[in-house]
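Written out below as structure tokens is the structure these notes cover.
Protein chains: 2
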Amino acid sequence: MSQPRFRNWQAIQDEVLRRIHARDWPPGHVIPNEVDLAAEFGCARATVNRALRALAEAGMLERRRKAGTRVALHPVSRATVDIPVIRQEIEDRGQSYTYRMFSRKIARPPVSIQARLCPDSPVDCLHVTALHLASGVAYVFEDRWINLATVPAAANQNFDTISANEWLLATVPYTHGDISFTAEAAAGAEADLLGTARGAPVFVIDRTTWDHDRAITTVRLSYAPGYRIRTSVGTPVSV
Amino acid sequence: MSQPRFRNWQAIQDEVLRRIHARDWPPGHVIPNEVDLAAEFGCARATVNRALRALAEAGMLERRRKAGTRVALHPVSRATVDIPVIRQEIEDRGQSYTYRMFSRKIARPPVSIQARLCPDSPVDCLHVTALHLASGVAYVFEDRWINLATVPAAANQNFDTISANEWLLATVPYTHGDISFTAEAAAGAEADLLGTARGAPVFVIDRTTWDHDRAITTVRLSYAPGYRIRTSVGTPVSV
DNA sequence: CAGATTATTATGTCTATACATAATATCGCC
DNA sequence: GGCGATATTATGTATAGACATAATAATCTG
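So this is what it looks like as structure tokens:
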């Protein structure tokens, strides 16, 4: 029984997926170990490892040392969402980007914001509100607090030509961030600026970013009606 | 100048990230090639490759053969969102899961659904609506069409005890899917079932899944107010 | 000089081997 | 039989070397 010899890791990945789909290896099933698979596929163990590791990252397999590799019981859909810079997002749609700042002042943030930016002791923050427009039409309203203890340089920026969104990305590197998506009712001023009725559903992205342990900024982005985040799931099978 | 010798790929990843954050390597900068970095770090090229590949997958670097590796110009936040089975999601919150089916009938879907499930020629589909409850409270309303040409077995399932969501995941493997997130106004029956006012903002997930080129199902999940998808971004630095 | 061909280069990957590490299984002891 | 020490096992990772591949740069040719 001379095997067709799977020579690259994608081919092995596809074959493993095929067996999962064909229920040769049903959910929960412990699959053969890397050495055996390498022998069966006629390749090095490192190649099998590469294929299985990729499948584990995609959520199809669960791997534990000594315990082995099993087919995931709950095949969660693991989608990767790219959240681009707003200017980029608009220009990628073939529309022209404009930007209008509405307010900019230094203040102590409300406790809800303090909890995220400076949980230990309140510090001065820069509060900026602005609107991003696509071909002249309101696209997203930005309500941002910048931690001046982490980013003192922000105090010297007036943000009337370049948005805080872009300035921060270009100036202040971050190590990690929290993001959440919700559907909320458009509040007063927000609704007016987005050109929608009060109480209309708006898609909201809340994001807080840090540089190591120091919070940089927290922002609420409320998108005009019709906004949709698209993504896809699925193992990168060469269909 | 004896280097500290970076012996594992995570250490190399951290060092590369440090240089990016420190603006030693600003956005757009072409970093040294793998051979040089391996020499500098005192490790094998494969180890450098592992570190850089991981950073490229995270969106921090852009790599092209021959052209080399450069720091990403637009550091898009690449977030991975796990979309679990609904029962799992509710039970993970420590709440009890219940399920109520509302309607189930075989019919030709409307054109908007046909476009996704059977673009070539209309086929019979199973239309199921149901409500998932967390500790007795409405959690998410499910409006699903199942392609009977792809999944004929679904016609024999009444879905009164097990939800279509779970049955499909356990029975029909899929290769890939489209997902989108929107904020929409709760429509009539939907609003009543979710226990919210009509027109109230609901978070909606639309998903269509395929097995290779054959569409399996398309579903609209509208979540009760307060629903929030959380995720995080950031390179896996060992902070 | 334009266009086609060839050389160069950096990443992509495979191999074989070795050792590290975490988790389980087993054994010996009380 | 219960419990702690030890052996075993599968994955995780590092290494040096090799060849593949894509994209660019250089060169040749009409």
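As they're listed, the protein sequences go chains A and B.
Taking our numbering, the leading residue of the first sequence gets -8, the next gets one more, and so forth.
Taking our numbering, the leading residue of the second sequence gets -8, the next gets one more, and so forth.
Where is the CB? At the ideal position from N, CA and C, for every residue including glycine.
Just so you know, the alpha carbons of A/P110 and A/D204 end up roughly 11 Å apart. Look at the region 67 to 84 of chain A: the residues with a C-beta under 8 Å from a C-beta of chain B are V67, S68, R69, A70, T71, V72, D73, I74, P75, V76, Q79. Within chain A, not a single residue places a beta-carbon under 8 Å from that of B/S103; the smallest gap is close to 15 Å. The CB of B/A176 comes closer than 8 Å to the CB of A191, P192 in chain A, given here in chain order.
Within the region 51 to 82 of chain B, the complete beta strand (DSSP E) segments of 3 residues or longer fall at 52 to 55, 59 to 62, 68 to 74, listed in chain order. Cβ proximity to chain A below 7 Å picks out nothing from the region 121 to 148 of chain B.
Straight through space, the alpha carbons of A/A29 and B/F132 are spaced by roughly 46 Å. A/A63 and A/G225 have their C-alpha atoms roughly 14 Å apart. By DSSP's assignment, B/Y88 forms a beta bridge with B/A125.
For the 8 Å CB-CB criterion, B/T208 and B/I104 do not form a contact. For A/L139, DSSP records no beta bridge to any residue.
Nearest CB-CB separation between B/H65 and chain A: below the 8 Å threshold. Ranked by how close their Cα comes to the Cα of A/N24, the residues A/F(-3), A/N(-1), A/H12, A/R56 have A/R56 in first place. Taken in chain order, the members of the region 162 to 176 of chain A whose beta-carbon sits within less than 7 Å of a beta-carbon on chain B are P164, T166, H167, G168, D169, I170, S171, F172, T173, A174, E175, A176.
The way I'd put it, the region 116 to 127 of chain A does touch the region 79 to 86 of chain A; three or more beta-carbon pairs between them come closer than 8 Å. Among the CB atoms of chain A, one or more fall inside 8 Å of the CB of B/G225.
The criterion of a C-beta distance shorter than 8 Å is not satisfied by A/A98 and A/G186. Contact between A/G190 and A/A174 does not hold, since the beta-carbon distance rounds to 12 Å and is not under 8 Å. Restricting attention to B/P143, B/N156, B/R211, the CA atom closest to the CA of A/P66 is found in B/N156. A contact between stretches requires three or more CB pairs, one per stretch, nearer than 8 Å, and the region 41 to 55 of chain A fails this requirement with the region 86 to 93 of chain A. Bridge pairing for A/R221: B/S171 [DSSP]. Taking the Cα of B/I196 as reference, the smallest distance to any Cα among B/Q4, B/P75, B/E31 is reached at B/P75. Under the DSSP assignment, B/F32 falls in the alpha helix (DSSP H) whose first and last residues are 25 to 32. Cβ neighbours of B/G19 within its own chain (closer than 8 Å, five residues either side excluded): R61, V62, L64.
Among the CB atoms of chain B, none fall inside 8 Å of the CB of A/H118. Identification of chain A residues near B/T208 by a Cβ-Cβ cut-off of 7 Å yields none; the smallest Cβ-Cβ distance measures about 13 Å.
Between the beta-carbon of B/Y214 and that of B/V193 there is about 6 Å, and that keeps the pair under the 8 Å contact cut. Residues of chain B whose Cβ lies closer than 9 Å to the Cβ of A/H20 do not exist; the shortest such Cβ separation is about 13 Å.
Per DSSP, the beta bridge partners of B/L117 are B/I97, B/I137. Boundaries of the alpha helix (DSSP H) harbouring B/S103: 102 to 108, taken from the DSSP string. At least one CB of chain A lies nearer than 8 Å to the CB of B/L160.
Per DSSP, A/T208 is one residue of the beta strand (DSSP E) stretching across 205 to 214. Within the region 11 to 40 of chain B, those residues whose Cβ lies closer than 8 Å to any Cβ of chain A are, in chain order, I11, H12, R14, P18.
In the DSSP annotation of this structure, A/D15 is not part of any alpha helix (DSSP H), being labelled neither H nor E.
Between B/R219 and chain A, the shortest Cβ-Cβ separation is below 8 Å.
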